[in-house]
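What follows is a single structure, written as structure tokens, with notes after it.
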Amino acid sequence: MPNKVNQMKTIAFPDVVRIEPASACNLSCVHCPTGTVKPANRGIMSQKTFSVIMANLEHKLPRVVVMYHGGEPMLCIDVWNWIKVLKMMGVKYIKTVTNGTLLYDESIKGILTSGLDAIEFSIDGKSPEENDTIRRGSNCQEIIGNIKELVEFKRLSDSKLPEIYISNVQLKNHVNSDVPETPEFLVKEFGESVMYKNTYAIKWPGLPSSLNKRPQILEKGYCPHLFETITIRWNGDVVPCCYDIMSEYVIGNIHENSLEEIWNNERYHNIRKGIETGHPVEICGGCFEY
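The numbers in full-length UniProt numbering rise by one with no breaks, and the one at position 252 of the sequence shown is 252.
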């Protein structure tokens, strides 16, 4: 039977572009490289870098933009204006992910007026106490209050968007095929006013096994990230995968080459070829999705 990778051709331009407004974070979560690995070259995206990105997207738009990579997007004060610009350009779907600690009245206004399609809040564990242990530096009850305030402002503005999700990550040493259930405390707090996404802590590629909480449970196979998505870091560096939080495989920089050139360059081609031939680069070989 032919390998399904060989049946897939790289599309002319990425369908999904991830933009990292900030690589820094105000939390130190135990299951995230941003919180467990010594900081290296982290910062906030500049207006200059964002403008270069916009110039690259002016004539070729992705279908989806995710305003998030490894840090806390709300540390970037321009993020809501940037989302508004992207929507005005014609991007159909824009999403962001946040820890919810910086959700103040001004940011709520920014969310509701930016055109953002979806926002995902991270609350982990099966209780508020477990969340605060996992997500070091956070206060679950305060975050719950912040999200409720957004839900209420959205209701009062009679707006259908953004869709509000709560992502709940649960730590587990041995993962089976069962889907983790939504913790009761979240259902009690929010009911049907939000949507829920429940997962187990992933095995982060490129990290020592002592920092990885999830065993490799999925059979090796085709990974769509390399053929459909691309990630632009806060400083303009481009990495091939949303799991490359440590920039192990920088394939270019948008200050030096166009996004289209980087998408089709030899380094990216060789990384894809490694998947096709069964000889992936190290970060792919250690990923639970591949």
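Just so you know, even glycine gets a beta-carbon here, dropped at the ideal spot from N, CA and C.
Outcome for residue 18 when other beta-carbon atoms lying within 10 angstroms are tallied against a minimum of 16: buried
Boundaries of the alpha helix (DSSP H) in which residue 275 is found, first to last residue: 266–277
Starting from the Cα of residue 99, find the closest Cα among 25, 182, 149 and give me that residue. 25
Limits of the unbroken alpha helix (DSSP H) element including residue 85: 79–89
Look up residue 227 in the DSSP assignment and say whether it is helix, strand or coil. helix
With a CB to CB cut of under 6 Å and the five nearest residues on each side skipped, what residues in its chain are close to residue 259? 56
Measure the alpha-carbon distance for residue 119 versus residue 163 and round it to whole angstroms. 6 Å
Separation of residue 150 from residue 133, as counted between CA atoms: 25 Å
Endpoints, alpha helix (DSSP H) assigned at residue 18: Looking at the DSSP string, residue 18 is not in any alpha helix (DSSP H); the run it does join, the beta strand (DSSP E), is 16–19.
Per-residue burial, residue 279 [other beta carbons within 10 Å of its own, 16 or more giving buried]: exposed
Where does the unbroken beta strand (DSSP E) through residue 197 begin, and where does it stop? 195–200
Can you name, in chain order, every residue of its own chain whose Cβ lies under 6 Å from the Cβ of residue 194, other than the five neighbours on each side? 164, 166
Given 8 Å, three or more beta-carbon pairs between the segment 72–89 and the segment 266–276: no
What's the C-alpha gap between residue 199 and residue 108? 26 Å
Looking at the unbroken beta strand (DSSP E) that takes in residue 167, where does it start and where does it end? 163–170
Start-to-end residues for the alpha helix (DSSP H) that takes in residue 13: That residue, residue 13, is in no alpha helix (DSSP H); it is neither H nor E in DSSP.
Terminal residues of the continuous beta strand (DSSP E) containing residue 120? 118–122
Between the Cα of residue 89 and the Cα atoms of 114, 76, 146, which residue gives the shortest distance? 114
Between the C-alpha atoms of residue 187 and residue 170, what's the straight-line distance to the nearest angstrom? 16 Å
What three-state label does DSSP hand residue 254 in the structure shown? coil
Are the beta-carbon atoms belonging to residue 66 and residue 16 less than 8 Å from one another? yes
Measuring CB to CB, does residue 111 end up less than 8 Å from residue 143? no
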